[in-house]
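Accompanying notes for the structure given below.
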Amino acid sequence: MEYEAVIGLEVHVQLNTRSKMFTRVGTGFGQPPNTLTDPVVLGLPGALPVMNRDAIEKSIKVGLLLGCKIAEVCKWDRKNYFYPDMPKNYQISQFDQPICEGGKVEIEMPGENPAKMGSHRMVELTRIHLEEDVGKLTHYEQDSLVDYNRAGSPLLEIVSEPDMHSPEEVFAYLTSLRNSLVAAGISACDMEKGQLRCDANISVRPKGTTTLGTKVEIKNLNTISGVRNGVEYEIRRQVRAIEEGTEIIQETRRWNPEQKYTTPMRTKEMAHDYRYFPDPDLMPVKIDEAWIERVAKELPEKPFDKQRRYQKDMNLPYSATSSLCGDHLLCAYFEEATDLAKSATKTANWVVNDLLRELSQANKVDEFSEESDKVMTPQSCPVSPQNLAELINLIEDGKLTNNVAKELFPEMFTSGKTVSDLIKEKGLDQKSDNGEIEGICADAIANDSDAAEKFRGGKEGAINALKGAVMKATRGQANPKVVDETLRRLLS
Amino acid sequence: MSQDSPIFKTATELSADLTAGKISSVELTQAMIERVETVDEKVHAFLHLDKEDALAQAKASDERRSTGECLSPLDGIPVGLKDVISVKDQPLTAASKILENYRSPYDATVTVKLKQAGAVVAGRLNLDEFAMGSSTENSAYGPTRNPWDLERVPGGSSGGSSAAVAAREVPLSLGSDTGGSIRQPASLCGVVGMKPTYGMVSRYGLAAFASSLDQIGPFSTTVEDTALLLETISGHDPLDSTSFPKEIPSYSAELKKPAQAGVIGLPKEFFGPGMDDEVRAKVEQSIEHYRSLGYQTKEVSLPSTDLSIPVYYVIATAEASSNLARYDGIRYTSRSNRAQNAIDVYAKSRGEGFGAEVKRRCLLGAYGLSSGYYDAYYLRAQKARTLIRQDFERVFKEVDAVLTPTAPTPAFKFGEKSEDPISMYLSDIFTISTNLAGLPGISVPCGFTQSGLPVGMQLIGQAFEESSLLNIAHAYDRDHLYGRQAPNL
Amino acid sequence: MSEDAPMDIDYVANLARIELSDEEKTTYQKQLGDVLKYFEKLQELKVDGVEPTAHAFPRYNVWDQDESKKGFSALEALKNAPQSRQDQVVVPKVIEE
Chain Y
1 MEYEAVIGLE VHVQLNTRSK MFTRVGTGFG QPPNTLTDPV VLGLPGALPV
51 MNRDAIEKSI KVGLLLGCKI AEVCKWDRKN YFYPDMPKNY QISQFDQPIC
101 EGGKVEIEMP GENPAKMGSH RMVELTRIHL EEDVGKLTHY EQDSLVDYNR
151 AGSPLLEIVS EPDMHSPEEV FAYLTSLRNS LVAAGISACD MEKGQLRCDA
201 NISVRPKGTT TLGTKVEIKN LNTISGVRNG VEYEIRRQVR AIEEGTEIIQ
251 ETRRWNPEQK YTTPMRTKEM AHDYRYFPDP DLMPVKIDEA WIERVAKELP
301 EKPFDKQRRY QKDMNLPYSA TSSLCGDHLL CAYFEEATDL AKSATKTANW
351 VVNDLLRELS QANKVDEFSE ESDKVMTPQS CPVSPQNLAE LINLIEDGKL
401 TNNVAKELFP EMFTSGKTVS DLIKEKGLDQ KSDNGEIEGI CADAIANDSD
451 AAEKFRGGKE GAINALKGAV MKATRGQANP KVVDETLRRL LS
Chain W
493 MSQDSPIFKT ATELSADLTA GKISSVELTQ AMIERVETVD EKVHAFLHLD
543 KEDALAQAKA SDERRSTGEC LSPLDGIPVG LKDVISVKDQ PLTAASKILE
593 NYRSPYDATV TVKLKQAGAV VAGRLNLDEF AMGSSTENSA YGPTRNPWDL
643 ERVPGGSSGG SSAAVAAREV PLSLGSDTGG SIRQPASLCG VVGMKPTYGM
693 VSRYGLAAFA SSLDQIGPFS TTVEDTALLL ETISGHDPLD STSFPKEIPS
743 YSAELKKPAQ AGVIGLPKEF FGPGMDDEVR AKVEQSIEHY RSLGYQTKEV
793 SLPSTDLSIP VYYVIATAEA SSNLARYDGI RYTSRSNRAQ NAIDVYAKSR
843 GEGFGAEVKR RCLLGAYGLS SGYYDAYYLR AQKARTLIRQ DFERVFKEVD
893 AVLTPTAPTP AFKFGEKSED PISMYLSDIF TISTNLAGLP GISVPCGFTQ
943 SGLPVGMQLI GQAFEESSLL NIAHAYDRDH LYGRQAPNL
Chain H
982 MSEDAPMDID YVANLARIEL SDEEKTTYQK QLGDVLKYFE KLQELKVDGV
1032 EPTAHAFPRY NVWDQDESKK GFSALEALKN APQSRQDQVV VPKVIEE
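Each protein sequence line maps, in turn, to chains Y, W and H.
Using my numbering, read the first sequence as starting at 1 and increasing by one per residue.
Using my numbering, read the second sequence as starting at 493 and increasing by one per residue.
Using my numbering, read the third sequence as starting at 982 and increasing by one per residue.
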């Protein structure tokens, strides 16, 4: 029998606000333990929460970007359960009035090959709500340590419908969601830093049936590949269980990324009696049309819309657009360069090949340095979009050969010098002086009368020997187009 | 002790004496410390008194004054705090074993305001554990005794705050009132106690019992002093989202303006059976006095009154069960040494650290919120709360204040009600609906029973109309000054 | 309410994470049963169409701008902790996450 998996995801995204959700102490990653704390974060007696307006605005932005309905009024509820990483033993969250409802995430499945676009579809969202993050527990042999730096950071929970059916779709969903959120500037979505975390609800049913199978929740899917592998494992486990006639228990399982399997988590008795009630310490949020309109004006173009525009309006090949559109900073760089450059396709190719290569090399080296946090971006790299456009235009104008340009680019990247600086420095000015080239061409014809005769006799390829001689004489600095024209004129 | 001693003076008088140079803050604070050392063995209003710290604040006040600087009328005057209000580097036990070793690393907003006013913030005052109770018998550190009769309770939960003022250990103190916890002990101890409108005084730094009902408020011997302390601690606080943005007038200046006699409502539901005869007689005398001052009185009805106790206990215990979850033996509260794992830490630390009433209320609160019961209890209580609020809104279209007894009986004996939660809960019957409606209420001493126990009347005002309420209370108080009578200790 | 659905004291004690002795269980079961019985008048009340009161004086959008301020040092944060190590709070082993 064939089986179909039904998968829903709960994605937690940390918003990149300066201060926490309900108090104004700072947020951040990698700070000394328990230094991003205050009476509110630690849940001291008497501490009270005060909302962060920016976190609410960022949530509205995400909601608009994903086509959700933004609530006119939303409120805060306490979710009560005991856990050492949660200072108050209740989490301030949103239960029955979330900030966003509905919405969609466009996903693209892999095409036949990297040059071919895959199929697109919309994954439905249930809701998005805002809550506070918990602290971080580190487990040791004998005990556990708690650092509350992360506790109280604004956390957005994006809940999808059970609308995905394969690990590939899950991967596509997460990739697309992440690209959109990064483009909106609301989070860096770095999974390594816990800025994006994911739980999956998975069930399996015979293909063609519509009733849902027993749902299993998978936690600890903390890398993109972990999500793909964990989901894949769990689907296989459930199919095997059905085939073997074992019962699938509704439970929470934990993905073990080292051993690559899921194990049941100790079932917390009454884990689901969260005793939600409206938080009496906080007032509700009212979101009016004017606010929504203001936020809507700041929305970025959605990555897939941008990709379609690049293909349609700029005639860029699919492969270039797919490399560009996963990275909004790269797109911004590209758009700035292509505004100045004479060829959009060439610009795209330079960006996705040469610029990306140099960037990844630069960031690889930096990984071991003290400031591994400081990633070099297209914007912060030494080659400005203007420099790249200048380089492309010199090639287009026939003033620089592609080969030389390819050699110069890494040097531009390391030195920060412009292409014209380097050309001058190295005496590489391409010879386009027609008088000088004409002389050299005439010499070449005179020195190789054999080739000249063959060409005149109709043997087109013979001209290459003459071109080679001219290039040799000019040490490659003659513009090939000019050389070709000159030789043909002299030979006619 | 001589009646000329500074401990028998009101804060208003002490303020004048300090200004006139008749006494220094250090002398005053020293007198207060001596008084505590003399009488608190009997009364047990204090859980802790940092004498050095108090004298250092007094000295700083005297130094300011010597350079011509005076921060406010309260500069140099000692104020005691219920042990649920945070003061940086001082203990905050909430009269619970679980907070035995805790010291607050920060100041509550009211503490900041008192310090800015130059007051000498001195003493941690006893209470029912986590403010849950009406007799101060629920303190893990032993009960406070009523200064008028040491065999009787001072009321609660702010029994330490009321007893300390009644015993003349401090001229002023702060308590907190969730269902009557300021007004009822004020009544039982024969002092003035006021719960402001919800949102007038910041709750930041007050260990929460029931967040939607808690308010901090003053204790003093006169309404005049209450006005002085209230204007010092009131005002919008950006650290408390439920704090109300409103200009605070000088209540004490307002008291000096001639006030027009208004209309006083007498809710018939509050004068039914179950009230002690002597209490009834005293309250009726005070009504007569208002009539003699030209006030009109009018019978009114608050039909939802009999709902107030169940509504209150459902809401308050639900909020408390969540608010007290943080006392878990992990970050700052005492940890059971029997704990083998994290789950154990919670159940054992809380089982060992909480007293019986706190346990009962946390259990009741968890039950009322639990799956399947939320709609029948919590949500229903919130709806009934709306009806109680609407009762008052209707009544306040016709009257300026509502007058009731503060408590159905004078101070009762230790142990009289402690085994029967419901009879204890009923001692708050007259004060609870004020909290549910968010309104200001003040208890003013209105005489003594034949056996010498104080009786208090309660005046309830309109939301955010503290000024008017204080004026009405003052009109009675200045003619009687029952709060100025001190017990023999 | 209390008669047809008595409070499951073990369930509630576990929810509230309070260890109770057998004696306490018996006492509280009885006392809270009485309290719930006393609360029955709430069940009889007609509340159709009545809006719940969550706040005595509700307002909207009580918030701060997103500005970060300095917090505690690790020392201040852990001053009251029953047990700490490496600037973190020590808790007995957490059995499974």
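Each residue gets a CB set at the ideal place from its N, CA and C atoms; glycine is no exception.
Problem - Residue-level contact to chain Y via CB, residue 818(W), 9 Å cutoff - result: Chain Y contact via Cβ: present.
Practice task
State the beta-bridge partners of residue 144(Y) as determined by DSSP.
Solution key: Its beta-bridge partners are 139(Y) and 1072(H).
Handout entry: Contact list for residue 878(W) against chain H, beta-carbon separation under 7 Å
Key = What residue 878(W) touches in chain H: 1031, 1032, 1033 and 1034.
Exercise for the section: Give the straight-line distance between the Cα atoms of residue 505(W) and residue 777(W), rounded to the nearest whole angstrom. Expected result: Taking the straight line from one Cα to the other gives about 28 Å.
Exercise for the section: With DSSP collapsed to three states, give me the class of residue 446(W). Expected result: Since the first residue shown for chain W is 493 and the last is 981, residue 446(W) is missing from the structure and cannot be characterised.
Exercise for the section: Classify residue 77(Y) as buried or exposed, calling it buried when 16 or more other Cβ atoms lie within 10 Å of its own Cβ. Expected result: By the 10 Å Cβ count, residue 77(Y) comes out buried.
Handout entry: Simplified DSSP state of residue 963(W), which is helix, strand or coil
Key = Residue 963(W) falls in the helix class under three-state DSSP.
Problem - Segments of 4+ residues assigned as alpha helix (DSSP H) that fall wholly inside the segment 751 to 788 of chain W - result: Whole alpha helix (DSSP H) segments, 4+ residues: 769 to 784.
Practice task
Could you name the residues of the segment 714 to 742 of chain W whose beta carbon sits closer than 8 Å to any beta carbon of chain Y, in the order they occur along the chain?
Solution key: Residues of the segment 714 to 742 of chain W with a C-beta less than 8 Å from any C-beta of chain Y: 730, 731, 732, 733 and 734, listed in chain order.
Handout entry: Beta-carbon proximity list for residue 822(W), same chain, < 7 Å, skipping 5 on both sides
Key = The answer, listed in chain order, is 837.
Handout entry: C-beta contact flag for residue 42(Y) and residue 824(W) at 9 Å
Key = Residue 42(Y) is a Cβ neighbour of residue 824(W), given a cutoff of 9 Å.
Practice task
Output the distance between the C-alpha atoms of residue 754(W) and residue 969(W), rounded to the nearest integer angstrom.
Solution key: One alpha carbon belongs to residue 754(W), the other to residue 969(W), and they sit about 16 Å apart.
Handout entry: For residue 165(Y), the three-state DSSP class (helix, strand or coil)
Key = Here residue 165(Y) carries a coil assignment [DSSP, helix/strand/coil].
Practice task
For residue 715(W), I'd like the list of residues in its chain whose CB is within less than 7 Å of its CB, leaving aside the five on either flank, ordered along the chain.
Solution key: Result list for residue 715(W): 684, 936, 962, 965, 966 and 969, in chain order.
Practice task
Note down the Cα distance separating residue 514(W) from residue 689(W), rounded to an integer number of angstroms.
Solution key: Distance between the alpha carbons of residue 514(W) and residue 689(W): 37 Å.
Problem - Proximity of residue 654(W) and residue 646(W) at Cβ, strictly below 9 Å - result: Yes; because the gap between Cβ atoms is below 9 Å, this pair is in contact.
Problem - Same chain only: Cβ atoms within 7 Å of residue 731(W), ignoring 5 sequence neighbours per side - result: Excluding positions up to five away in sequence, the list reads 601, 694 and 696.
Handout entry: Interface flag, residue 1047(H) vs chain W, CB-CB below 9 Å
Key = No, residue 1047(H) does not count as interfacial toward chain W.
Practice task
Please classify residue 478(Y): does DSSP put it in a helix, a strand, or coil?
Solution key: The answer is strand: DSSP assigns residue 478(Y) an E or B state.
Handout entry: Under 7 Å (Cβ pairs) to chain W, residues found in the segment 1009 to 1025 of chain H
Key = Listed by position, the residues of the segment 1009 to 1025 of chain H near chain W (Cβ gap below 7 Å) are 1009, 1012, 1013, 1015, 1016, 1019, 1020, 1022, 1023 and 1024.
Practice task
Provide the residue span of the beta strand (DSSP E) that contains residue 10(Y), from first to last.
Solution key: Here the beta strand (DSSP E) through residue 10(Y) covers 3 to 14.
Problem - Any chain Y beta carbon closer than 9 Å to residue 804(W) - result: Residue-level contact check: residue 804(W) does not touch chain Y, since none of the beta carbons of chain Y fall below 9 Å from its beta carbon.
Exercise for the section: Pick helix, strand or coil for residue 1011(H), following the three-state DSSP scheme. Expected result: Residue state, collapsed to three classes: helix.
Handout entry: Per-residue burial, residue 468(Y) [other beta carbons within 10 Å of its own, 16 or more giving buried]
Key = Label assigned to residue 468(Y): exposed.
Exercise for the section: Kindly indicate the opening and closing residues of the beta strand (DSSP E) around residue 743(W). Expected result: Looking at the DSSP string, residue 743(W) is not in any beta strand (DSSP E); the run it does join, the alpha helix (DSSP H), is 743 to 748.
Problem - Interfacial residues, the segment 68 to 91 of chain Y to chain W, with Cβ spacing under 7 Å - result: Cβ proximity to chain W below 7 Å picks out 78, 80, 82, 84, 87, 88, 89 and 90 from the segment 68 to 91 of chain Y.
Exercise for the section: Within 10 angstroms of the Cβ of residue 1041(H), are there 16 or more other Cβ atoms? Answer buried if so, exposed if not. Expected result: Exposed, since its Cβ has fewer than 16 Cβ neighbours within 10 Å.
Handout entry: residue 315(Y), buried or exposed, once every other Cβ within 10 Å from all chains shown has been counted against 16
Key = It is exposed - the Cβ of residue 315(Y) has fewer than 16 other Cβ atoms within 10 Å.
Handout entry: For residue 129(Y), the residue or residues it bridges with in DSSP
Key = Note: residue 129(Y) sits in a beta bridge opposite 157(Y).
Practice task
Below 7 Å CB to CB, which residues in the same chain sit around residue 352(Y) once its five sequence neighbours on both sides are set aside?
Solution key: Cβ neighbours of residue 352(Y) beyond the five flanking positions: 320, 323 and 324.
Practice task
From the DSSP output, in three-state form, read off residue 121(Y) for me.
Solution key: In the structure shown, residue 121(Y) sits in a strand (DSSP, three-state: E or B).
Exercise for the section: Confirm, please, whether the CB-CB distance from residue 704(W) to residue 1035(H) is below 9 Å. Expected result: The criterion of a C-beta distance shorter than 9 Å is satisfied by residue 1035(H) and residue 704(W).
Practice task
Identify the continuous beta strand (DSSP E) that holds residue 711(W) and give its terminal residues.
Solution key: Run containing residue 711(W): 707 to 712, per the beta strand (DSSP E) assignment.
Practice task
Leaving aside the five residues before and after residue 422(Y) along the sequence, list all residues of the same chain whose C-beta is less than 7 Å from its C-beta, in chain order.
Solution key: Closer than 7 Å at Cβ, skipping near neighbours: 408, 411 and 412.
Practice task
For chain H, find out if any of its Cβ atoms is closer than 9 Å to the Cβ of residue 55(Y); answer yes or no.
Solution key: Closer than 9 Å to some Cβ of chain H, the Cβ of residue 55(Y) qualifies, so yes.
Handout entry: Other residues of its chain near residue 451(Y): CB distance less than 6 Å, five sequence neighbours each side excluded
Key = Answer for residue 451(Y): 462, 465 and 466, listed in chain order.
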